[in-house]
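A.B. asks:
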Amino acid sequence: DQQVKQNSPSLSVQEGRISILNCDYTNSMFDYFLWYKKYPAEGPTFLISISSIKDKNEDGRFTVFLNKSAKHLSLHIVPSQPGDSAVYFCAAIRGDAGGTSYGKLTFGQGTILTVHP
Amino acid sequence: ETGVTQTPRHLVMGMTNKKSLKCEQHLGHNAMYWYKQSAKKPLELMFVYNFKEQTENNSVPSRFSPECPNSSHLFLHLHTLQPEDSALYLCASSQEWGLTQPQHFGDGTRLSIL
């Protein structure tokens with residue numbers, strides 16, 4: 148049972164345009180969400196995060212939106228650059244004490260983003 | 004970012020071999036993690052160490068044996084592995100287990116079992 152899902156295996160975008168990566172989750176106890184970027188032959192690199200008490204967090208070209216009622220989050224990259232081409236992982240964590248998922252990062256399958264010049 | 008270093012980067016071994024994966028972090032963190040990433044699957048948490056104590060074992064077979072001698076080093080000892088254990092093994096660290104903070108990953112060891 149996959150608790151974090153990225154339903155789009157890949158996304159192709161033109162340079163300068165907006166990239167929107169989507170993520171859905173099923174566990175309502177998740178209260179902290181992260182996006183990681185991964186280049187080939189490298190480990191995932193932390194990109195941006197959002198707490199469940201917020202609905203938006205922005206860092207430069209990257210903005211994460213959280214819709215708790217829909218259990219959905221998205222990562223917007225504007226403007227997209229060829230260097231953004233990578234695999235993007237959505238992850239969620241349950242921050243409250245107790246329970247077997249306490250502190251665990253649960254990852255989605257990843258979305259391959261390709262930004263064309 | 005080179006805060007988390009994993010060696011070796013690639014490892015090919017037979018099913019009867021014994022080998023170890025090494026992870027070292029220079030970030031002053033107190034929690035360290037082993038993850039497995041199989042082809043077309045999400046990253047799966049294997050083990051968590053917090054202040055050198057194992058706090059999580061995510062139902063990992065005993066042919067994988069972790070060791071954490073101090074907060075900066077983490078090992079994964081491998082013996083009598085199976086072909087389905089071929090995967091990318093990632094080490095990560097964070098300030099402390101349980102805090103809602105990002106984990107920082109190494110570049111992984113690509114393991115192939117013959």
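Residue numbers (this note's numbering), protein chains in the order written: chain Y, 148 to 264; chain D, 4 to 117. Yeah, the Cβ is synthetic: ideal placement off N, Cα and C, and Gly gets one too.
Helix, strand or coil for A217 of chain Y? Go by DSSP, reduced to three states.
C.D. replies: coil
A.B. asks: Using DSSP's beta-bridge definition, name the partner residues of H13 of chain D.
C.D. replies: D:R113
A.B. asks: Please decide whether E4 of chain D counts as near chain Y, where near means a Cβ-Cβ distance under 8 angstroms.
C.D. replies: Low confidence applies here, because E4 of chain D scores a pLDDT of 47, under 50, leaving its location unreliable; read the following figure in that light. Yes - at least one Cβ of chain Y is within 8 angstroms of the one on E4 of chain D.
A.B. asks: Using a Cβ-Cβ distance cut-off of 8 angstroms, determine whether P45 of chain D contacts chain C.
C.D. replies: Judged by its chain identifiers, the structure shown contains no chain C, and its protein chains are Y and D.
A.B. asks: What residues in its chain sit with their C-beta under 6 angstroms from that of I197 of chain Y, if we drop five residues either side in the sequence?
C.D. replies: F180, N204, V211, L213
A.B. asks: So with Cβ pairs under 8 angstroms, would you call A188 of chain Y a contact of chain D?
C.D. replies: yes
A.B. asks: Please name the residue, chosen from D:Q9, D:L81, D:H107, D:L48, that lies closest to S23 of chain D on a Cα-to-Cα basis.
C.D. replies: Nearest C-alpha to S23 of chain D: D:L81.
A.B. asks: Apart from the five residues just before and just after N53 of chain D, which ones in its own chain have a Cβ nearer than 6 angstroms to its Cβ?
C.D. replies: Only residues of its own chain outside the window of five on either side were considered, and among them A34, W100 have a CB closer than 6 angstroms to the CB of N53 of chain D, listed in chain order.
A.B. asks: Going by DSSP, what residue range makes up the beta strand (DSSP E) through E27 of chain D?
C.D. replies: 21–28
A.B. asks: According to DSSP, is Q231 of chain Y helix, strand or coil?
C.D. replies: In the sequence as presented, Gln is not what sits at residue 231 of chain Y; that position holds Asp. DSSP places D231 of chain Y in helix when its eight states are reduced to three.
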